[in-house]
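Student: Below is one structure. I have some questions about it.
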Amino acid sequence: MPGRDYLKTLPTKVRATMVACLMAVAEAPPKRFAGGGYWEAMHGEMTGWFEVRVDGKDRMHHRLFCRLDYEAKGHDKPLLVVIAGMSKPFRTRFATSDYASVRELGEEYYAQNPRSIG
4 MPGRDYLKTL PTKVRATMVA CLMAVAEAPP KRFAGGGYWE AMHGEMTGWF EVRVDGKDRM
64 HHRLFCRLDY EAKGHDKPLL VVIAGMSKPF RTRFATSDYA SVRELGEEYY AQNPRSIG
């Protein structure tokens, strides 16, 4: 549960904004949430992933990496799954290896069905 653990470490305002965004996405019809500037579809090697993007104090960018799971056994609705989170300073980029580690965690999640949900 790296995503949940990461979320717990964030400043209160950033965490609250991210949780509010996640709740809005979860309550919206699948693939219908516009995002309000916080929820963004990713591209390239991260196609199929979404990120919740919230900026905090000291010009830090905080990101939650999420998937919509349409194939989880025992669930009639898609699951909104928070896989991982990372922060980075203003005007910097995550390394290719950072994204690879997020995808690896996603593969670990999808390797089991029924899913390991915590």
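Note that the sequence shown ends on residue 121 in our numbering; no numbers are left out. Quick reminder that beta carbons are idealized off the backbone N, C-alpha and C, glycines included. Treat the numbers as computed from the prediction; the structure is a model and nothing was measured.
How many Å lie between V22 and V28 at the Cα?
Tutor: Taking the straight line joining both Cα atoms gives about 10 Å.
Student: According to the Cβ coordinates, are P14 and G59 closer than 8 Å?
Tutor: Yes, the Cβ-Cβ distance between P14 and G59 is below 8 Å.
Student: With distances taken Cα to Cα, identify the nearest neighbour of Y102 among Y73, S119, A31 and R66.
Tutor: That would be R66, whose Cα lies nearest to the Cα of Y102.
Student: In chain order, what residues of the same chain lie with their CB nearer than 7 Å to the CB of L83, ignoring the 5 residues before and after it?
Tutor: Closer than 7 Å at the Cβ level, and outside the excluded window around L83, lie L25, V28, A29, C69 and L71.
Student: Compare the C-alpha of V105 against each of P32, A31 and G51 and name the closest.
Tutor: For V105, the nearest C-alpha among the options comes from G51.
Student: On the premise that H64 lies in contact with F93, defined as a C-beta separation below 8 Å, what is that separation, rounded to the nearest angstrom?
Tutor: About 7 Å; that satisfies the 8 Å criterion.
Student: Within a Cβ cutoff of 7 Å, which residues of the same chain sit near F97, ignoring the five residues on either side of it in sequence?
Tutor: Cβ within range, chain order: M89 and K91.
Student: Considering just the uninterrupted stretch of the beta strand (DSSP E) at K91, what are its terminal residues?
Tutor: Element bounds for K91: L82 to P92.
Student: Over what stretch of residues does the alpha helix (DSSP H) that includes M130 continue unbroken?
Tutor: There is no way to answer for residue 130, as the model of the chain reaches only from 4 to 121.
Student: In terms of residues, what are the limits of the alpha helix (DSSP H) holding D101?
Tutor: Element bounds for D101: T99 to Y113.
Student: For G6, does the count of other Cβ atoms within 10 angstroms reach 16, so buried, or fall short, so exposed?
Tutor: By the 10 Å Cβ count, G6 comes out buried.
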